[in-house]
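Trainee:
Number of protein chains: 2
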Amino acid sequence: MMSLSLGVDIGGTDTKIGVIDDQGAILAQTRFATRPDRGAESLADEIVVNAHNLSEIDGIAAIGIGAPGPLSSKDGVIFKSPNLAGWVNVPIRDMVARRLDRPAILENDANAAAYGEYVAGQRAGGDVDGVQRGDMVLLTLGTGIGSGAIVGGEILRGCHENASEWGHMIVVPGGRTCGCGQRGCLEAYASAAAIASRFEKMSAKDVFAAARSGDGVAGEVVEEACRCLAIACVNIQHALNPDRILFGGGMSAAGDFLLACVRRHFDALRWNVHDDFPALELARLGNDAGMIGVGLLALQSGDDLVWGS
Amino acid sequence: MMSLSLGVDIGGTDTKIGVIDDQGAILAQTRFATRPDRGAESLADEIVVNAHNLSEIDGIAAIGIGAPGPLSSKDGVIFKSPNLAGWVNVPIRDMVARRLDRPAILENDANAAAYGEYVAGQRAGGDVDGVQRGDMVLLTLGTGIGSGAIVGGEILRGCHENASEWGHMIVVPGGRTCGCGQRGCLEAYASAAAIASRFEKMSAKDVFAAARSGDGVAGEVVEEACRCLAIACVNIQHALNPDRILFGGGMSAAGDFLLACVRRHFDALRWNVHDDFPALELARLGNDAGMIGVGLLALQSGDDLVWGS
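As you go down the protein sequences, you meet chains R and G in turn.
If you count by our numbering, then the first sequence holds residues 1 to 309, one letter each, in order.
If you count by our numbering, then the second sequence holds residues 1 to 309, one letter each, in order.
Below you can see the structure in the form of structure tokens.
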């Protein structure tokens, strides 16, 4: 029998739930408004209702829950997230596991998306199956910049479970203040919100459209964002030496226009010592990456799965 | 019987050889001038003579060779190194293994030093033995800046075997040109050579001494170097989330003066989202770190050891 999991991706706006198979295919899915202000107990209840609507729970081997961090996968606790206002030290993993009587894991949403792209993204892109996949970094360009890294087939977590926060790499020392308290973070220059903030009443999408039509001011903002992304890519190259760096999130809808601009800056910035460059590519799973990734992770977590207590 | 290895650290100036036990202790050691211009065959011959002088080769379980990169540990080949002029695609691992009829590994010298500090450095510092060691990054501040990272107890290598080149992280976009062809690398601001290059006839040691005695110009150069190191530490924090970042190499002789300055800048630059900061510390094994580390690695390499063919 095929192994199935429930992938739950809790976002600031929507919560997505899908039944995921061991190839990363979505067999059924739904979504509802997160409304974090109502509290975690109520959200967990609505996850349960939706899960029962989607599938016979007895056929679900494991539950994967993705959420914005900082959080602890080990403890299954969301510490406190700017996107889930009012949540402090919420043991969401056990809350859901107990309600559904299935074992669960909790994972940072950007790590989950990276894992989804790593396992299922190549297949979605039509690449030959079974090819050895190399280490990979995903940068999700949305309101903020999330990121995850896969090293040796596993999520890079770090000692404090907070590795791969590439959005808060300093790329412009002394530069613009970031919401995190640092100055000159990648996120303060190359997230959709950062780009939109440079104009009145324009979204990042509008800014890219204007840049593409030759608007000089929009063009400069896009150039600056892409140059910062390219600096980040050089630094990721020297840090992890991955095979690929992928761009996902809403802003990656700018597609080849974005990619060509980042690549041009990367080529201008990179070293000439050794030909160890990562490929720069677009992500392939869109908004489902996190839900798929955390579902796949749950199926592969074995002893790390926890029954709610 | 105790397992012994031969640790060979090939530097641009000297080659060091030591008999290393499985705790990282040096039982015997020697060194000689590398003189890379004479070619690798002659150097391999001199390694053999010195090895026989140091120990009964029959008692040596494995040989570890550290060298400046870029190189391939997998293939045992040094591609081409600015510090070993004229060497191109030298299969040094097999050359030494064959001559001594012992299995060997080749490792990047900075990775080897990081491994040495990770395994034997805490012991050297008098820390309680047996404590779980967390992920660690070593920055060796010498003529250049070498670095190595230990993640989950293993060297972080990357897809192209060239991860942890933190010296070439861009910390000053558009800044000073580095020998690697990039601009604004950490190495161009915070290596001993970069610091000395700002003055006529002063070594980095002189510059630190002058800064310590209150010289304003020297003080500014030291501040700038420490600020760049602190930016690097913030970026390493967000990349790997390690437990510790260590400073080694010749310049770390500046000791607490250097450390206090880097820490001060780090505290000013870091975020306020989550308390996931690495400890910033001095390395402990000095110039022997690479030789000890590569000896220890050889003893733990098992199936990765290669007999010369």
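For glycine and all other residues, C-beta sits at the position ideal for the given N, C-alpha and C.
Would you call residue 157 of chain G buried or exposed, if buried means 16 or more other Cβ atoms sit within 10 Å of its Cβ?
Mentor: Under this definition residue 157 of chain G is a buried residue.
Trainee: Thinking C-beta only, is residue 21 of chain G closer than 7 Å to residue 6 of chain G?
Mentor: no
Trainee: Residue 311 of chain G CB to nearest chain R CB: under 7 Å?
Mentor: Residue 311 of chain G cannot be examined here, being either before or after the span of chain G that is shown, 1 to 309.
Trainee: Just to confirm, is the Cβ distance from residue 186 of chain R to residue 207 of chain R under 7 Å?
Mentor: no
Trainee: Checking the sheet assignment: what are the DSSP bridge partners for residue 108 of chain G?
Mentor: G/67
Trainee: Please decide whether residue 271 of chain R counts as near chain G, where near means a Cβ-Cβ distance under 7 Å.
Mentor: yes
Trainee: Helix, strand or coil: how does DSSP classify residue 102 of chain G here?
Mentor: In the three-state reduction of the DSSP assignment, residue 102 of chain G falls in the coil class.
Trainee: Report the residues of the stretch 158 to 178 of chain G with a CB closer than 9 Å to any CB of chain R, ordered along the chain.
Mentor: 158, 159, 160, 161, 162, 163, 164, 165, 166, 167, 168, 169, 170, 171, 172, 173 and 178
Trainee: For residue 89 of chain G, report the span of its beta strand (DSSP E) as first-last.
Mentor: 84 to 90
Trainee: For a contact defined as C-beta to C-beta under 7 Å, what are the partners of residue 242 of chain G on chain R?
Mentor: 158 and 159
Trainee: Could you confirm whether any beta carbon from chain R is found closer than 7 Å to the beta carbon of residue 128 of chain G?
Mentor: With a pLDDT of 49 at residue 128 of chain G, under the threshold of 50, the modelled position of that residue is not reliable, and the figure given next carries that caveat. Closer than 7 Å: no.
Trainee: Assess, as a yes-or-no matter, whether the stretch 244 to 263 of chain R is touched by the stretch 27 to 41 of chain R under the definition of 3 or more beta carbon pairs within less than 8 Å.
Mentor: no
Trainee: Would you verify that the beta carbon of residue 261 of chain G is, or is not, closer than 7 Å to some beta carbon of chain R?
Mentor: Taking a beta-carbon distance threshold of 7 Å, residue 261 of chain G does not count as an interface residue toward chain R.
Trainee: With DSSP as the reference, label residue 324 of chain G as helix, strand or coil.
Mentor: Outside the shown range of chain G (1 to 309) lies residue 324 of chain G, about which nothing can therefore be said.
Trainee: Taking 7 Å as the threshold (beta carbon to beta carbon), is residue 65 of chain G in contact with chain R?
Mentor: no
Trainee: Is it true that the CB of residue 98 of chain G sits closer than 7 Å to the CB of residue 308 of chain G?
Mentor: Contact: yes.
Trainee: Ignoring anything shorter than 3 residues or poking outside the stretch 201 to 284 of chain R, list the beta strand (DSSP E) runs there in chain order.
Mentor: 244 to 248 and 279 to 282
Trainee: Have a look at residue 57 of chain G and residue 279 of chain G and give me their C-alpha separation to the nearest angstrom.
Mentor: Distance between the alpha carbons of residue 57 of chain G and residue 279 of chain G is about 41 Å.
Trainee: Within its chain, find whatever has a CB closer than 7 Å to the CB of residue 211 of chain R; leave out the 5 residues flanking it on each side and keep chain order.
Mentor: 218, 219 and 222
Trainee: Listing by chain order, which chain G residues have their CB less than 7 Å from the CB of residue 21 of chain R?
Mentor: Neighbours of residue 21 of chain R on chain G: none; closest Cβ ~28 Å, over 7 Å.
Trainee: Please go through the same chain and pick out, in chain order, the residues whose beta-carbon is closer than 7 Å to the beta-carbon of residue 159 of chain G, but skip the five residues on each side of it.
Mentor: Nothing listed; no residue qualifies.
Trainee: May I have the straight-line CA-CA distance separating residue 153 of chain G from residue 232 of chain G, to the nearest angstrom?
Mentor: 22 Å
Trainee: Does the beta carbon of residue 265 of chain G sit closer than 7 Å to a beta carbon anywhere in chain R?
Mentor: no
Trainee: Spell out whether any CB of chain G is found under 7 Å from the CB atom of residue 85 of chain R.
Mentor: no
Trainee: Quick one: is residue 96 of chain R buried, meaning 16 or more other Cβ sit within 10 Å of its Cβ, or exposed?
Mentor: By the neighbour-count rule (16 or more Cβ atoms within 10 Å), residue 96 of chain R is buried.
Trainee: Taking buried to mean at least 16 other C-beta atoms within 10 Å of its own C-beta, is residue 201 of chain R buried or exposed?
Mentor: exposed
Trainee: Per DSSP, residue 136 of chain R is paired with what?
Mentor: R/150 and R/244
Trainee: Touching or not, the stretch 241 to 261 of chain R and the stretch 173 to 180 of chain G, by the rule of three or more beta carbon pairs under 8 Å?
Mentor: no
Trainee: For the pair the stretch 160 to 168 of chain G and the stretch 132 to 151 of chain G, tell me if three or more CB-CB distances fall below 8 Å.
Mentor: The answer is yes - the stretch 132 to 151 of chain G touches the stretch 160 to 168 of chain G, with three or more Cβ pairs under 8 Å.
Trainee: According to the neighbour-count rule (16 or more other Cβ atoms, all chains shown, within 10 Å of its Cβ), is residue 37 of chain G buried or exposed?
Mentor: exposed
Trainee: Let me make sure I understand the geometry here. Which of R/134, R/86 and R/300 has the alpha-carbon closest to that of residue 40 of chain R?
Mentor: R/86
Trainee: Helix, strand or coil for residue 60 of chain G per DSSP?
Mentor: Coil at residue 60 of chain G, not helix or strand.
Trainee: Can you give the beta carbon distance from residue 292 of chain R to residue 61 of chain R, rounded, assuming they're within the 8 Å contact cut?
Mentor: About 16 Å separates the two Cβ atoms, so there is no contact after all.
Trainee: Less than 7 Å between the C-beta atoms of residue 249 of chain G and residue 116 of chain G, yes or no?
Mentor: no
Trainee: By the three-class DSSP mapping on this structure, what secondary structure does residue 183 of chain G have?
Mentor: strand
Trainee: Which residue or residues does DSSP assign as beta-bridge partners of residue 80 of chain R?
Mentor: In the DSSP output, where bridge partners are listed per residue, residue 80 of chain R has R/88.
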